[in-house]
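Residues 0 to 192 in numbering that gives the first Met the number 0 are what the sequence shown spells out, letter by letter. Heads up, the beta-carbon is just placed ideally off N, CA and C, and yes, glycines get one too.
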Amino acid sequence: MSSLTPSLPLILGITGASGLIYAVRSLKFLLEADQAVELVASKSTYMVWQAEQDIRMPVEPAQQEQFWRQQAGVEQGGKLRCHPWGDVGANIASGSFRTAGMLVMPCSMSTVGKLAAGLSSDLLERAADVQLKEGRKLVLVPRETPFSLIHLRNLTTLAEAGARIVPAIPAWYHNPQTVEDLVDFVVARALDQ
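Quick look at the structure:
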């Protein structure tokens, strides 16, 4: 994503994998960089957000925009448009809608499996599939451990198809002091792709 330009939107997909802080920090950096962001959260994201944060995520796109901006701490800057997970007719589901690529963070193994099999049952999966078929950047940040052999094969299939795989594995050589330091390391690696 190192070639991001505010003129082309970046799709941020958020799945139900644990670790929603990765999505929040990514959105913060993108909006602060004045990047246009098309955001879609999967159906399971709503349940995970409730379980991890004890906060109900709104369903309506206009309310979601305000919600995500509050979570990221960026009230102004960038352009944020949220899409309902079931709206497979949205602009981001079409190859004719030009983007700077797509970041799926965190990315569940369910999403990885469906993408590796060429299946899409919601807008997030369809948008990711479009990035692959159009030869655009698709960066997946799986948040799972340990990986099973099936996970590894699915990730390999996606890498062979052109996706970049950036596991949510923070490093320690930069002397992190906070959880945000660890998260930001992974976010920076993903955005550098």
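In this structure, how does DSSP classify residue i when only helix, strand and coil are distinguished?
i: residue 150; result: helix
i: residue 10; result: strand
i: residue 132; result: helix
i: residue 79; result: strand
i: residue 118; result: coil
i: residue 125; result: helix
i: residue 102; result: strand
i: residue 168; result: coil
i: residue 68; result: helix
Quick check: what's the CA-CA separation for residue i versus residue j?
i: residue 160; j: residue 131; result: 7 Å
i: residue 111; j: residue 157; result: 8 Å
i: residue 61; j: residue 138; result: 26 Å
i: residue 18; j: residue 109; result: 15 Å
i: residue 81; j: residue 186; result: 20 Å
i: residue 120; j: residue 46; result: 18 Å
i: residue 13; j: residue 171; result: 25 Å
i: residue 155; j: residue 165; result: 12 Å
i: residue 105; j: residue 167; result: 8 Å
i: residue 142; j: residue 16; result: 6 Å
i: residue 54; j: residue 70; result: 11 Å
i: residue 78; j: residue 151; result: 35 Å
i: residue 148; j: residue 22; result: 26 Å
i: residue 58; j: residue 74; result: 19 Å
i: residue 178; j: residue 20; result: 10 Å
i: residue 49; j: residue 43; result: 10 Å
i: residue 56; j: residue 173; result: 33 Å
i: residue 162; j: residue 116; result: 14 Å
Note the first and the last residue of the continuous beta strand (DSSP E) segment covering residue i.
i: residue 108; result: Careful: residue 108 lies outside any beta strand (DSSP E), inside the alpha helix (DSSP H) at 108-115.
i: residue 39; result: 35-40
i: residue 58; result: Neither: residue 58 is in no beta strand (DSSP E) and is coded neither H nor E.
Using 8 Å for Cβ pairs, my map puts residue i next to residue j. What's the rounded Cβ distance?
i: residue 25; j: residue 7; result: About 17 Å separates the two Cβ atoms, so there is no contact after all.
Report yes if the CB atom of residue i is closer than 8 Å to the CB atom of residue j, and no otherwise.
i: residue 114; j: residue 189; result: no
i: residue 84; j: residue 39; result: yes
i: residue 194; j: residue 146; result: Nothing in the structure corresponds to residue 194, since the chain is present only between 0 and 192.
i: residue 76; j: residue 33; result: yes
i: residue 100; j: residue 125; result: no
i: residue 41; j: residue 123; result: yes
i: residue 30; j: residue 9; result: no
i: residue 88; j: residue 133; result: no
Quick check on the DSSP output: the alpha helix (DSSP H) that includes residue i runs from which residue to which?
i: residue 137; result: Not the alpha helix (DSSP H): residue 137 falls in the beta strand (DSSP E), residues 137-141.
i: residue 24; result: 20-31
i: residue 184; result: 178-190
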